[in-house]
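Engineer: In this note's numbering, the protein residues as written are 620 to 914. Sending over a structure as structure tokens; questions will come in a sec.
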């Protein structure tokens, strides 16, 4: 994270002492700072806009800082936000409690400006590094969508939820026909852009998507929810026709088609692998029976 990036880092200060807030705001003049005076306001502020880091006083009116931290860590959207506790107290038990509840650091009052800024910048850098590692592990670098690993993590959770609360859930495997020929004819750069064009077409023409990932090569997987079978088929047929008729890649009119294997969730499905295998079998049928949308 460069020095310029800090100007865009959003920091939420939670402290009931206006004087202490003024000191922190002056110290953190290079950051985008928001302040609140109590725990309930802190929870509301986080709900309205997720900050990059929270400076949280322990002693607050109403719910204290420890309780605010506990609640934020139980919410998926805010659990990752680094929380630095603020306090005049320096006893070990208090400090350890803050760490046990999920805090990443502890700054004592009165503040040492250079130390406070250094600690905050360190945790912002660590947070950015963790986000980068997460993206490397879960995002396909070419397409920018989820990779195979992330798909199985995310789709398994959706599948398990469907097992508990039966709902309409469809899985599609989409494969570019004769993709090797595209690479051999136009080059791999155009092949890559063909993949990106397909992704854009999917994102434009298909709704009700709850999971979308690149399984590898020219093969993609979609999960659609809260839609009936006919509606799902219509969307994917529209996609197939759009791809076959209108896509331009890198100023080349690259003619390509896709095959689609479709399947619907069944309560008898034992795992996401069973679900995926059935779609894969339908994809195979689609390719070799010349039926572009099988299932």
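We put the CB at the ideal spot given by N, CA and C, even for glycine. These figures come from a predicted structure and were not determined experimentally.
Which residues does DSSP list as the beta-bridge partners of residue 905?
Structural biologist: In the DSSP output, where bridge partners are listed per residue, residue 905 has none listed.
Engineer: To the nearest angstrom, how far is the alpha carbon of residue 898 from that of residue 772?
Structural biologist: In this structure, the straight-line span from the alpha carbon of residue 898 to that of residue 772 is close to 18 Å.
Engineer: Kindly indicate the opening and closing residues of the beta strand (DSSP E) around residue 799.
Structural biologist: From DSSP, residue 799 is part of no beta strand (DSSP E) but of the alpha helix (DSSP H) over 798 to 805.
Engineer: Is it right to say residue 711 is buried, meaning 16 or more other beta carbons lie within 10 angstroms of its own, or is it exposed?
Structural biologist: Exposed, because fewer than 16 other Cβ atoms sit within 10 Å of the Cβ of residue 711.
Engineer: Would residue 832 and residue 840 be called neighbours here (beta carbons separated by less than 8 Å)?
Structural biologist: yes
Engineer: The beta strand (DSSP E) with residue 598 in it runs from where to where?
Structural biologist: Beyond the ends of the chain as shown, which are 620 and 914, falls residue 598; an answer cannot be given.
Engineer: For the pair the stretch 632 to 639 and the stretch 671 to 678, tell me if three or more CB-CB distances fall below 8 Å.
Structural biologist: yes
Engineer: On the criterion of 16 or more Cβ atoms from any shown chain inside 10 Å, does residue 859 qualify as buried, or is it exposed?
Structural biologist: buried
Engineer: Within its chain, find whatever has a CB closer than 6 Å to the CB of residue 643; leave out the 5 residues flanking it on each side and keep chain order.
Structural biologist: 632
Engineer: Applying the 10 Å Cβ sphere with the 16-neighbour rule, what's the burial state of residue 792?
Structural biologist: buried
Engineer: For residue 718 and residue 903, I'd like the C-alpha separation in whole angstroms.
Structural biologist: 53 Å
Engineer: In the structure shown, what three-state DSSP assignment does residue 673 receive?
Structural biologist: Strand.
Engineer: In the stretch 680 to 704, which residue ranges form an unbroken alpha helix (DSSP H) of at least 4 residues, counting only runs that do not cross its ends?
Structural biologist: 684 to 692
Engineer: Taking residue 746 as the reference, give the member of 705, 700, 779 with the closest Cα.
Structural biologist: 700
Engineer: Could you give the distance in angstroms between the alpha-carbon of residue 892 and the alpha-carbon of residue 806?
Structural biologist: 34 Å
Engineer: Spatial neighbours of residue 687 within its chain, please: CB distance less than 8 Å, with the 5 preceding and 5 following residues excluded, ordered by chain position.
Structural biologist: 633, 658, 661, 662, 675, 679
Engineer: Quick one: what's residue 614 bridged to in DSSP?
Structural biologist: Absent from the structure is residue 614, since the part of the chain shown begins at 620 and ends at 914.
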